[in-house]
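For the protein sequence lines, the chains are A and B, in the order given. So in the working numbering, spot 106 of the first sequence is number 823, and the numbers just go up one at a time. So in the working numbering, spot 158 of the second sequence is number 875, and the numbers just go up one at a time. Virtual Cβ for every residue (Gly too), placed ideally from N, Cα, C. Since this is a predicted model, take the numbers as computed values, not measurements. The structure appears below as structure tokens.
2 protein chains.
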Amino acid sequence: MAATAGTGAVDKRRLILDAAITVFARQGFHHCRVSDVADEAGVAYGLVYHYFDSKEEILNELFLERWQIMLDAITAIDRRDELGPREKLHEVASFIIDSYRHEPDLMKVIIVEVTRAANSFGRLHLQKIREAYDEIAQIVESARRDGTFKRDISAQFGAMCFYGAIEQLLSAWIFDLLPATEDEFERAKTLVVEATCGGLEVSASGAPAVSG
Amino acid sequence: MAATAGTGAVDKRRLILDAAITVFARQGFHHCRVSDVADEAGVAYGLVYHYFDSKEEILNELFLERWQIMLDAITAIDRRDELGPREKLHEVASFIIDSYRHEPDLMKVIIVEVTRAANSFGRLHLQKIREAYDEIAQIVESARRDGTFKRDISAQFGAMCFYGAIEQLLSAWIFDLLPATEDEFERAKTLVVEATCGGLEVSASGAPAVSG
DNA sequence: AGACTCGTTGACTGGCGAGTCAACGTGACT
DNA sequence: AGTCACGTTGACTCGCCAGTCAACGAGTCT
Numbered sequence: 718m719a720a721t722a723g724t725g726a727v728d729k730r731r732l733i734l735d736a737a738i739t740v741f742a743r744q745g746f747h748h749c750r751v752s753d754v755a756d757e758a759g760v761a762y763g764l765v766y767h768y769f770d771s772k773e774e775i776l777n778e779l780f781l782e783r784w785q786i787m788l789d790a791i792t793a794i795d796r797r798d799e800l801g802p803r804e805k806l807h808e809v810a811s812f813i814i815d816s817y818r819h820e821p822d823l824m825k826v827i828i829v830e831v832t833r834a835a836n837s838f839g840r841l842h843l844q845k846i847r848e849a850y851d852e853i854a855q856i857v858e859s860a861r862r863d864g865t866f867k868r869d870i871s872a873q874f875g876a877m878c879f880y881g882a883i884e885q886l887l888s889a890w891i892f893d894l895l896p897a898t899e900d901e902f903e904r905a906k907t908l909v910v911e912a913t914c915g916g917l918e919v920s921a922s923g924a925p926a927v928s929g
Numbered sequence: 718m719a720a721t722a723g724t725g726a727v728d729k730r731r732l733i734l735d736a737a738i739t740v741f742a743r744q745g746f747h748h749c750r751v752s753d754v755a756d757e758a759g760v761a762y763g764l765v766y767h768y769f770d771s772k773e774e775i776l777n778e779l780f781l782e783r784w785q786i787m788l789d790a791i792t793a794i795d796r797r798d799e800l801g802p803r804e805k806l807h808e809v810a811s812f813i814i815d816s817y818r819h820e821p822d823l824m825k826v827i828i829v830e831v832t833r834a835a836n837s838f839g840r841l842h843l844q845k846i847r848e849a850y851d852e853i854a855q856i857v858e859s860a861r862r863d864g865t866f867k868r869d870i871s872a873q874f875g876a877m878c879f880y881g882a883i884e885q886l887l888s889a890w891i892f893d894l895l896p897a898t899e900d901e902f903e904r905a906k907t908l909v910v911e912a913t914c915g916g917l918e919v920s921a922s923g924a925p926a927v928s929g
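In structure tokens, the structure reads:
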């Protein structure tokens with residue numbers, strides 16, 4: 718079951734998963750055939766069904782694999798006590814945006830095919846999505862406790878605004894509504910945190926007047 | 718072509734559209750059959766194809782119909798010069814949230830099946846979605862000009878954060894990640910604007926200390 | 001060399017469901 | 001009564017594609 722790493726043998730299962738990312742991103746999950754995935758992977762049609770029970774299970778696997786990495790990353794960020802809430806959120810934003818930067822197809826598939834269609838599949842996905850909210854909410858909650866964040870906006874709600882902004886950002890890049898350049902990625906990290914934490918309004922406190 | 722309003726005759730086209738909302742919301746666009754829509758409407762299978770060229774065209778129609786109403790509403794709100802930026806955004810949030818309150822199934826279909834799958838269909842949808850961003854961005858832009866909103870966050874970016882937060886909010890209600898009660902709807906209107914404009918952080922200026 | 005394992009192959013099937021179409025009913029106009 | 005238009009019907013077709021399966025062959029062990 719485990720791939721015998723070390724030999725020159727290619728892990729066909731991995732090959733199929735990677736091909737699926739490409740194909741799902743290009744044609745969409747519902748508009749592609751399993752044979753497209755097999756062709757893209759350079760593998761026989763039947764082999765797909767040797768490793769996966771169904772087309773949908775491939776999508777599940779891709780989502781769960783990646784989502785778990787993200788959950789672990791957020792948990793790790795939350796544990797870094799030397800960081801303030803704003804810095805923690807910046808790290809989270811960085812992680813997600815870098816995920817898109819390095820694997821745009823995979824992130825596209827997850828956002829377009831999974832996070833919004835979560836009720837089409839089992840409740841497992843929703844459970845996992847909720848966990849992400851909760852992780853972020855924990856960061857917000859501790860900031861509320863120590864007085865950095867407003868008490869009258871619940872942690873869940875704050876987490877939602879933050880994550881919503883990020884997901885919308887990725888969507889905009891995916892759909893070419895915003896330019897997806899290296900510069901934009903970096904700027905977006907700072908801006909999304911600034912917008913979420915500091916708000917859009919100019920405040921009396923330290924609003925940096927960066928003229929451009 | 719136009720429905721002869723006034724007679725007791727039911728507009729079958731409308732009947733089919735309404736049935737489609739119910740069925741798409743319940744089963745998902747891809748997991749339902751055209752016959753399900755026909756059955757729900759209490760109409761013969763073939764009649765669906767009398768009024769629509771394809772299953773997808775029904776979805777298009779539902780989206781475009783509703784989206785145009787929203788675009789018009791946002792334009793109207795932007796024109797009301799007596800309102801400040803925060804009030805304008807509150808009106809926009811109110812409109813969208815009330816849309817969900819009154820027609821949850823339709824909004825579910827639009828958010829789940831269209832806004833995130835926009836590239837599966839023609840570019841027309843993306844164009845319309847971009848228009849919504851632009852309308853909101855215009856509100857943000859005028860606030861930037863008069864110094865209410867920060868200059869270092871572009872209007873497009875600000876609009877995206879705001880709309881992203883709202884769409885995430887609706888998603889959370891749709892997927893039962895947040896309670897969808899009348900009270901929550903009303904509270905959310907204020908909170909989403911407060912979070913977007915004022916930010917999550919406590920600022921030195923007028924952060925209302927609503928204890929609860 | 002025989003036997004067994006197991007990753008791999010790809011032609012094949014089964015059925016599902018989108019879209020078609022010929023026919024029917026009804027109302028209007030002559 | 002004739003006929004035309006058109007909303008309506010639902011059984012039927014037909015292509016597609018998810019999923020199956022029998023066979024292959026490269027290892028490995030005896």
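Can you give me, in chain order, the residues of the stretch 869 to 894 of chain A that have a beta carbon less than 9 Å from any beta carbon in chain B? Asp869, Ile870, Ser871, Gln873, Phe874, Gly875, Met877, Cys878, Phe879, Tyr880, Gly881, Ala882, Ile883, Glu884, Gln885, Leu886, Ser888, Ala889, Ile891, Phe892, Asp893 and Leu894
Any chain A beta carbon closer than 8 Å to glycine 745 (chain B): Here residue 745 (chain B) refers to the residue found at position 28 when the second sequence is read from its first residue. Taking Cβ atoms only, chain A reaches closer than 8 Å to glycine 745 (chain B), which makes this a yes.
Could you tell me if glycine 916 (chain B) is buried or exposed, where buried requires 16 or more neighbouring beta carbons within 10 angstroms of its beta carbon? The residue labelled residue 916 (chain B) in the question sits at position 199 within the second sequence. Classification of glycine 916 (chain B): buried, given that the 10 Å Cβ count is 16 or more.
Quick one: residues in its chain with C-beta nearer than 6 Å to the C-beta of serine 811 (chain B), no 5 flanking neighbours on either side, listed in chain order? The residue labelled residue 811 (chain B) in the question sits at position 94 within the second sequence. For serine 811 (chain B), where only same-chain residues beyond five positions count, the Cβ hits under 6 Å are Lys906.
Anything in the stretch 795 to 814 of chain B with a Cβ closer than 7 Å to a Cβ of chain A? List those residues in chain order, please. Cβ contacts with chain A come from no residue of the stretch 795 to 814 of chain B.
List the residues of chain A that asparagine 836 (chain B) touches, going by C-beta distances under 8 Å, in chain order. To locate residue 836 (chain B), count along the second sequence from 1; it is residue 119. Result: Gly745, Val829, Ile891 and Phe892.
Sort B:Glu884, B:Ile828 and B:Ser888 by Cα distance to leucine 779 (chain B) and report the nearest one. Here the question's residue 779 (chain B) lines up with position 62 in the second sequence. The shortest Cα separation from leucine 779 (chain B) among B:Glu884, B:Ile828 and B:Ser888 belongs to B:Ile828.
Report all residues from its chain with a CB closer than 6 Å to the CB of valine 751 (chain A); omit the five preceding and five following residues, and keep chain order. Reading the first sequence from its first residue, position 34 is the one you call residue 751 (chain A). Taken in chain order, the residues that qualify are Val765 and Lys772.
Between isoleucine 733 (chain B) and alanine 758 (chain B), which are expected to be in contact by the criterion C-beta below 8 Å, what is the C-beta distance as a whole number of angstroms? Here residue 733 (chain B) refers to the residue found at position 16 of the second sequence. Here residue 758 (chain B) refers to the residue found at position 41 of the second sequence. Right, the Cβ-Cβ distance comes to about 5 Å (below 8 Å), so this counts as a contact.
Check the Cβ-Cβ distances between histidine 819 (chain B) and every residue of chain A, and say whether any is below 8 Å. Indexing the second sequence from 1 puts residue 819 (chain B) at position 102. Contact with chain A is absent for histidine 819 (chain B), since none of that chain's Cβ atoms lies less than 8 Å from the residue's Cβ.
Per DSSP, which residues does glutamate 918 (chain A) bridge with? Please list them. The residue given as residue 918 (chain A) occupies position 201 in the first sequence. According to DSSP, which records beta bridges pairwise, glutamate 918 (chain A) is partnered with B:Phe866.
Measuring CB to CB, does alanine 889 (chain A) end up less than 8 Å from methionine 787 (chain A)? Taking the first residue of the first sequence as position 1, residue 889 (chain A) is located at position 172. Taking the first residue of the first sequence as position 1, residue 787 (chain A) is located at position 70. Not in contact: alanine 889 (chain A) and methionine 787 (chain A) (Cβ atoms no closer than 8 Å).
Kindly indicate if chain A contains any beta-carbon less than 8 Å away from that of leucine 917 (chain B). The sequence position of residue 917 (chain B) within the second sequence is 200, counting from 1. So yes, leucine 917 (chain B) belongs to the interface.
Cα-Cα separation between glutamine 844 (chain B) and isoleucine 853 (chain B), rounded to whole angstroms: In the second sequence, the residue the question calls residue 844 (chain B) occupies position 127. In the second sequence, the residue the question calls residue 853 (chain B) occupies position 136. Cα to Cα, the separation comes out at about 15 Å.
What residues of chain A sit near alanine 912 (chain B), judged by a beta carbon separation below 8 Å? Position 195 of the second sequence, counted from the first residue, corresponds to residue 912 (chain B). Those are Ile870, Phe874, Gly875, Cys878, Thr913 and Gly916, listed as they occur along chain A.
Go ahead and label proline 896 (chain A) buried or exposed: buried means 16 or more other beta carbons lie within 10 angstroms of its beta carbon, across all protein chains shown. Walking along the first sequence from the start, residue 896 (chain A) turns up at place 179. It is exposed - the Cβ of proline 896 (chain A) has fewer than 16 other Cβ atoms within 10 Å.
Determine whether the beta carbon atoms of proline 807 (chain B) and valine 910 (chain B) lie at a separation below 8 Å. Here residue 807 (chain B) refers to the residue found at position 90 when the second sequence is read from its first residue. Here residue 910 (chain B) refers to the residue found at position 193 when the second sequence is read from its first residue. Looking at the sequence itself, residue 807 (chain B) is histidine, so the reference to proline does not match. Yes, the Cβ-Cβ distance between histidine 807 (chain B) and valine 910 (chain B) is below 8 Å.
Would glutamate 858 (chain A) pass as a contact of cysteine 914 (chain B) if the rule is Cβ separation under 8 Å? By 1-based counting over the first sequence, the position of residue 858 (chain A) is 141. By 1-based counting over the second sequence, the position of residue 914 (chain B) is 197. No, they are not a contact pair.
Taking C-alpha atoms, which residue in A:Leu823, A:Asn777 and A:Ser816 lies nearest to valine 740 (chain A)? The residue given as residue 740 (chain A) occupies position 23 in the first sequence. When each option's Cα is compared against that of valine 740 (chain A), the closest is A:Leu823.
Residue-level contact to chain B via CB, arginine 689 (chain A), 8 Å cutoff: Residue 689 (chain A) falls outside the range modelled here, since chain A spans only 718 to 929, and no answer is possible.
Enumerate, from N- to C-terminal direction, the unbroken alpha helix (DSSP H) stretches of 4 or more residues contained entirely within the stretch 759 to 810 of chain B. 762 to 768 and 772 to 796
With H, G and I counted as helix, E and B as strand and the rest as coil, what does DSSP make of glutamate 899 (chain A)? By one-based count along the first sequence, residue 899 (chain A) stands at place 182. DSSP places glutamate 899 (chain A) in helix when its eight states are reduced to three.
Looking at chain A, which residues of the stretch 844 to 869 of chain B have a Cβ within less than 9 Å of any of its Cβ atoms? Ile846, Arg847, Tyr850, Val857, Ala860, Arg861, Gly864, Thr865, Phe866, Lys867, Arg868 and Asp869
As assigned by DSSP and simplified to three states, the class of serine 752 (chain B): Translated into positions along the second sequence, residue 752 (chain B) becomes position 35. Shown here, serine 752 (chain B) sits in a helix according to DSSP, grouped into three states.
Helix, strand or coil, according to DSSP, for leucine 894 (chain B) in the structure here? Residue numbering aside, residue 894 (chain B) sits at position 177 when the second sequence is read from its first letter. Correct three-state label for leucine 894 (chain B): coil.
For the alpha helix (DSSP H) containing alanine 736 (chain B), name the first residue and the last one. The residue you call residue 736 (chain B) lines up with position 19 of the second sequence. Counting along the chain, the alpha helix (DSSP H) containing alanine 736 (chain B) begins and ends at 729 to 744.
For alanine 835 (chain B), name the three-state secondary structure that DSSP assigns. Residue numbering aside, residue 835 (chain B) sits at position 118 when the second sequence is read from its first letter. When secondary structure is reduced to three states using DSSP, alanine 835 (chain B) falls in the coil class, being assigned neither helix nor strand.
For the stretch 740 to 773 of chain B, which residues have a CB atom closer than 7 Å to at least one CB atom of chain A, in sequence order? Gly745, His747 and His748
If you count every other CB in all the chains shown that lies within 10 Å of the CB of threonine 832 (chain B), and 16 or more means buried, which is it? On the second sequence, residue 832 (chain B) is found 115 positions in, with the first residue counted as 1. Counting Cβ neighbours within 10 Å, threonine 832 (chain B) comes out buried, since at least 16 surround it.
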